[in-house]
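There are 2 protein chains.
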Amino acid sequence: MVNVLCYPFCERFQRTFAENHFFPWLTLFMKHSTIGNGSNKVTIVDVAREAGVSYATVSRVLNDEPYVKPETRKRVMTALHEMGYVANRQARSLRTGRSEMIGLLVRDLGTGYIGQIISGIDAEIAETDFEMLLFTTHHQALEPEYVATFVGGMADGLLLVLPHNIENYSGLLNQRRYPHVIVDYKGSDKGPAIGADNIGGAITAVTYLASLGHRRIGFITGTLSLTSGVDRLDGYRQAVQSLGLIDDPALIVEGDYHQPSGYSGAQTLLSLPERPTAIFAANDAMAFGAMEAIRDAGLRIPGDVSVIGFDDTPQATAVSPSLTTIRQPLEEMGRQALQLLLTYIEDPERPFEYHELPTELIVRNSCASARNTV
Amino acid sequence: MVNVLCYPFCERFQRTFAENHFFPWLTLFMKHSTIGNGSNKVTIVDVAREAGVSYATVSRVLNDEPYVKPETRKRVMTALHEMGYVANRQARSLRTGRSEMIGLLVRDLGTGYIGQIISGIDAEIAETDFEMLLFTTHHQALEPEYVATFVGGMADGLLLVLPHNIENYSGLLNQRRYPHVIVDYKGSDKGPAIGADNIGGAITAVTYLASLGHRRIGFITGTLSLTSGVDRLDGYRQAVQSLGLIDDPALIVEGDYHQPSGYSGAQTLLSLPERPTAIFAANDAMAFGAMEAIRDAGLRIPGDVSVIGFDDTPQATAVSPSLTTIRQPLEEMGRQALQLLLTYIEDPERPFEYHELPTELIVRNSCASARNTV
DNA sequence: CTGTTAGCGCCTTCAC
DNA sequence: GTGAAGGCGCTAACAG
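Protein chains in written order, with the working numbering: chain Z, 1 to 374; chain E, 1001 to 1374.
Structure representation (structure tokens):
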């Protein structure tokens, strides 16, 4: 009688049923397990009946509660297993107020950049009982407040990956002490956050170029409404000044972290009366665009112009020449963000924390010594 | 009295509350809206009280049911809005048996490839009332049956993006008539699916190379446990034979869709006694690897060896020379997969459908005429 | 140790 | 038109 209740045996169940209409409770069961449409739900009630206990006891076993006679527990466990019971999380969540889900708010999925962060989050989530609920804010321009409230109801915590306008979310979330962590954001003024050492990374990049003899270094900024964009620019400026490099506003052009802006930014830089001997793009995508522009201008990399990026995306090794860049530990950021979030889920009252991960220079082949320094 | 219940005004609420303890029901409300810990739930009961109706009426308004007096409806609507009511989907789902969520089962998120498919799905989801529940099978090697059952309980439909071993899922899902669509899979034998014309694309690629005068074309296969891998190989073979090109088994090396296998595959091909004048990699990632290997061998692209890929990932334009490739409409596949899934959610009994999207040759700069045909 | 019971928030008959 | 009441599947007291 056991196997027929196990979902892989539905067909067999139907046959068996035809032969067993003298089992009155089976008819009852039929109502619950609508074969056709799906669902085929096995609830704790079914399991309880099968194991000959009350469903409260099944619940106890499910939740590893202490006071269950070992023998009973065993009987319930086998019933559970054989019937292919899977808990209904909605019901559990409704009851407990916890959903065992963490929400992920991202702006866009197309980029490998976010993919890497998510990979890290995912890897860490796999170690827990949580599942991942993904929301993109990219297409629909919903009110952040609505999104936050909505997601808040479905998830026990929220990971905001590089949200467009943090302040819109953070007000509500902080005020409610709703567990959340902002990923790739600097500072804990808006809430708990995980970031990378963007200033330090930019300084490292410029210092490296300077060590190769470059004195006129062009910089293509990232999106300046993001802290990473601002910080990388800051780092560039600090390094240029402290190293005594040529400090010309014309050497800074604004980009938006996307490849086309790298292309046009590089074009602008290359058309300067005195063109830079090296270009530092605030991320890899723009560096690729810059490389394209440099080649289209009939110049060679790194012979005529050196290029350095930021992020160390997988494609950095794929381009030719391979891209020297500043590595940002994206996956690790995802992992730590999740870990931090878990601590807030456990104790929402914890004070805000900001963790900054180090960046690292990855030397490849897109930078060379400056041949003719100005 | 209204504003104080609206979530953006919690602080104000606290203050107001201090002044208004003579409103007895407010105290009651406090219990529901625990300010500190979060939740701050506004339920239909709260709204009903505010609007002076029963909560059944609120529910009716929520579900656009006909028999509600316009005036009452209006009153409820304003209460709803001003209190910032957001439905509890778990409760609704528990009651209705529908979750308004669609599950997404992917193996990995790190690649831009899957990112693009998800973008398409996401774009289409944004037009519906559904949300997206993301599961990765990559890390945890859970039993597919368990995953399917589990996800099945939380979502109204399932999108399987390139699952490792479809048969493990498909049996259970089909038998239950659980709405699902397999993305990037060929044929509807295992269930409804969306795929791309991989055979045709591969034929196009080879035909194009042949038109440039190449007769000895190396092929680096994709993962052969995936239908796309098999089909692209098939297409290559068909084209080689029908066009009368050199048909040497040594010209086919096995890859796995990852860049390193493209590198090593190309090395193998280049070290053949008679090396091919063109290399067709079964996807772009391997093509990038192949390009690296070709350059490392001191050869030029496309001067000495032409390279063609498959997929048209964003990076295809970023490499140098830019990669000629076969475009696969990944985003569109995602979109159509979701659309198809919706039809199955509406009618689970629909017969399986398989939609195949066309592929397209994108000519860039990595292929040139064969100089010295063998 | 185990069973009974009361809801979690919502939808949905069924009365009025 | 609207309210009252039952129950989705589950957990968490409270009794035994």
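Every residue, glycine too, gets a C-beta built ideally from N, C-alpha and C.
Quiz item: What in chain E is Cβ-close to Z/R364, meaning under 9 Å?
Solution: Taking the first sequence and counting its residues from 1, the one referred to as residue 364 of chain Z is at position 364. Under the 9 Å cutoff, chain E gives no residues; its nearest Cβ is about 12 Å from Z/R364.
Exercise. Anything in chain E within Cβ reach of Z/S306, meaning under 7 Å, just list it in chain order.
Key: Numbered from its first residue, the first sequence carries residue 306 of chain Z at position 306. Going along chain E, no residue has its Cβ under 7 Å from Z/S306, so there is no contact; the nearest lies around 15 Å.
Self-check item: For Z/M291 and Z/Q272, the rounded distance between their alpha carbons
Solution: Locating residue 272 of chain Z in the first sequence gives position 272, where the first residue counts as 1. Locating residue 291 of chain Z in the first sequence gives position 291, where the first residue counts as 1. Here residue 272 of chain Z turns out to be Leu, not Gln, going by the sequence shown. Computed Cα separation, rounded: 17 Å.
Quiz item: Along chain Z, in chain order, which residues have C-beta atoms closer than 8 Å to that of E/N1088?
Solution: The count along the second sequence starts at 1 and reaches residue 1088 of chain E at position 88. Those are L94 and G153, listed as they occur along chain Z.
Quiz item: Which first and last residues belong to the beta strand (DSSP E) in which Z/D311 is found?
Solution: Within the first sequence, residue 311 of chain Z is the residue found at index 311, counting from 1. Run containing Z/D311: S306 to D311, per the beta strand (DSSP E) assignment.
Quiz prompt | Contacts that Z/V319 makes with chain E (C-beta to C-beta distance below 9 Å) | solution = For the purposes of this step, residue 319 of chain Z is identified with residue 319 of the first sequence, where counting begins at 1. Those are F1288, Q1315, A1318, V1319 and S1320, listed as they occur along chain E.
Quiz item: By a C-beta neighbour count over all protein chains shown, 10 Å radius and 16 as the cutoff for buried, is E/E1331 buried or exposed?
Solution: Taking the first residue of the second sequence as 1, we reach residue 1331 of chain E at position 331. Per the 10 Å Cβ criterion, buried.
Practice problem: Have a look at E/I1125, E/V1307 and E/T1078 and flag the residue whose alpha-carbon is nearest the alpha-carbon of E/L1209. | Solution: The residue given as residue 1209 of chain E occupies position 209 in the second sequence. Nearest of E/I1125, E/V1307 and E/T1078 to E/L1209, Cα basis: E/V1307.
Exercise. Using a Cβ cut-off of 9 Å (strictly closer), state whether E/T1149 contacts chain Z.
Key: Residue numbering aside, residue 1149 of chain E sits at position 149 when the second sequence is read from its first letter. Yes, contact with chain Z.
Quiz item: Using the rule of at least 16 other Cβ atoms within 10 Å of the residue's Cβ for burial, across every protein chain shown, is E/Q1241 buried or exposed?
Solution: The residue given as residue 1241 of chain E occupies position 241 in the second sequence. When all chains shown are included, E/Q1241 counts as exposed.
Self-check item: Pairwise C-alpha distance: Z/E353 and E/C1010
Solution: The residue you call residue 1010 of chain E lines up with position 10 of the second sequence. The residue you call residue 353 of chain Z lines up with position 353 of the first sequence. Low local confidence applies: a pLDDT of 29 at E/C1010 is under 50, so the model's placement there is unreliable, with the coordinate-based value given in what follows. Taking the straight line joining both Cα atoms gives about 23 Å.
Exercise. Can you grab the Cα-Cα spacing for the pair E/P1358 / Z/A51, in whole Å?
Key: For the purposes of this step, residue 1358 of chain E is identified with residue 358 of the second sequence, where counting begins at 1. For the purposes of this step, residue 51 of chain Z is identified with residue 51 of the first sequence, where counting begins at 1. Each residue's Cα considered, the two are about 54 Å apart.
Quiz item: Based on Cα-Cα distance, which residue from E/L1080, E/T1072, E/V1061 and E/V1053 lies nearest to E/V1042?
Solution: Walking along the second sequence from the start, residue 1042 of chain E turns up at place 42. Nearest of E/L1080, E/T1072, E/V1061 and E/V1053 to E/V1042, Cα basis: E/L1080.
Quiz item: So, helix, strand or coil for Z/A318, using DSSP?
Solution: By one-based count along the first sequence, residue 318 of chain Z stands at place 318. Z/A318 falls in the coil class under three-state DSSP.
Quiz item: Hey, is Z/Q336's beta-carbon within less than 9 Å of any beta-carbon in chain E?
Solution: The residue you call residue 336 of chain Z lines up with position 336 of the first sequence. False, the Cβ-Cβ gap to chain E never drops below 9 Å.
Practice problem: Consult DSSP for Z/I246 and reduce its assignment to one of helix, strand or coil. | Solution: Position 246 of the first sequence, counted from the first residue, corresponds to residue 246 of chain Z. DSSP places Z/I246 in coil when its eight states are reduced to three.
Quiz item: Fully enclosed by the segment 1140–1167 of chain E, which beta strand (DSSP E) runs are 3 residues long or longer?
Solution: 1157–1161
Quiz item: Is DSSP giving Z/R237 helix, strand or coil here?
Solution: What you label residue 237 of chain Z is simply residue 237 of the first sequence in a count that begins at 1. It is helical.
Quiz item: So, is E/S1320 buried or exposed, given that buried needs 16 or more other C-beta atoms within 10 angstroms?
Solution: To locate residue 1320 of chain E, count along the second sequence from 1; it is residue 320. Burial call: buried.
Exercise. Measure the Cβ-Cβ separation of Z/I194 and Z/L340 and say whether it is below 9 Å.
Key: Along the first sequence, one-based indexing puts residue 194 of chain Z at 194. Along the first sequence, one-based indexing puts residue 340 of chain Z at 340. Cβ distance < 9 Å, so Z/I194 and Z/L340 count as in contact.
Self-check item: Check whether E/F1219 and E/I1252 have beta carbons under 9 Å apart
Solution: Indexing the second sequence from 1 puts residue 1219 of chain E at position 219. Indexing the second sequence from 1 puts residue 1252 of chain E at position 252. Their beta carbons are under 9 Å apart, which means E/F1219 touches E/I1252 by this criterion.
Quiz item: Short check: CB of Z/G103 to CB of Z/L133, under 9 Å?
Solution: The residue you call residue 103 of chain Z lines up with position 103 of the first sequence. The residue you call residue 133 of chain Z lines up with position 133 of the first sequence. Yes. Within cutoff.
Self-check item: Three-state class that DSSP yields for E/L1361 in the structure shown
Solution: Stepping through the second sequence from its first residue, residue 1361 of chain E is reached at position 361. Three-state result, E/L1361: strand.
Quiz item: So with Cβ pairs under 9 Å, would you call E/A1091 a contact of chain Z?
Solution: As a first step, residue 1091 of chain E is located in the second sequence; it is residue number 91 there, counting from the start. Answer yes: the Cβ-Cβ gap between E/A1091 and chain Z drops below 9 Å somewhere.
Self-check item: The beta strand (DSSP E) enclosing E/H1258, as first and last residue numbers
Solution: Your numbering for residue 1258 of chain E matches position 258 in the second sequence. Counting along the chain, E/H1258 falls outside any beta strand (DSSP E), and DSSP gives it neither H nor E.
Exercise. Give the residues of chain E in contact with Z/R295, contact being defined as C-beta atoms less than 7 Å apart.
Key: Taking the first sequence and counting its residues from 1, the one referred to as residue 295 of chain Z is at position 295. Chain E residues near Z/R295: S1320.
Quiz item: Does any CB atom of chain E fall closer than 9 Å to the CB of Z/Q328?
Solution: Residue 328 of chain Z sits at position 328 when you count from the first residue of the first sequence. Taking Cβ atoms only, chain E never reaches closer than 9 Å to Z/Q328, which makes this a no.
Quiz prompt | Every unbroken alpha helix (DSSP H) within the segment 110–138 of chain Z, with a cutoff of 4 residues, ordered by chain | solution = 112–125
Self-check item: E/S1228 versus E/R1177, E/Q1328, E/G1262 and E/A1056, residue with shortest Cα-Cα distance
Solution: On the second sequence, residue 1228 of chain E is found 228 positions in, with the first residue counted as 1. Checked all of E/R1177, E/Q1328, E/G1262 and E/A1056; the closest Cα to E/S1228 is E/Q1328.
Quiz item: Along the segment 63–86 of chain Z, what residues have a CB closer than 8 Å to any CB found in chain E?
Solution: G84 and V86
Practice problem: Could you name the residues of chain Z that E/I1194 contacts, counting a contact when the two beta carbons are closer than 7 Å? | Solution: Here residue 1194 of chain E refers to the residue found at position 194 when the second sequence is read from its first residue. Going along chain Z, no residue has its Cβ under 7 Å from E/I1194, so there is no contact; the nearest lies around 18 Å.
Exercise. Could you pull the start and end residues of the beta strand (DSSP E) that Z/V86 belongs to?
Key: Walking along the first sequence from the start, residue 86 of chain Z turns up at place 86. From DSSP, Z/V86 is part of no beta strand (DSSP E); its letter is neither H nor E.
Practice problem: Give me whichever residues DSSP pairs with E/T1325 in a beta bridge. | Solution: As a position in the second sequence, residue 1325 of chain E is number 325, starting the count at 1. In the DSSP output, where bridge partners are listed per residue, E/T1325 has E/G1309 and E/I1362.
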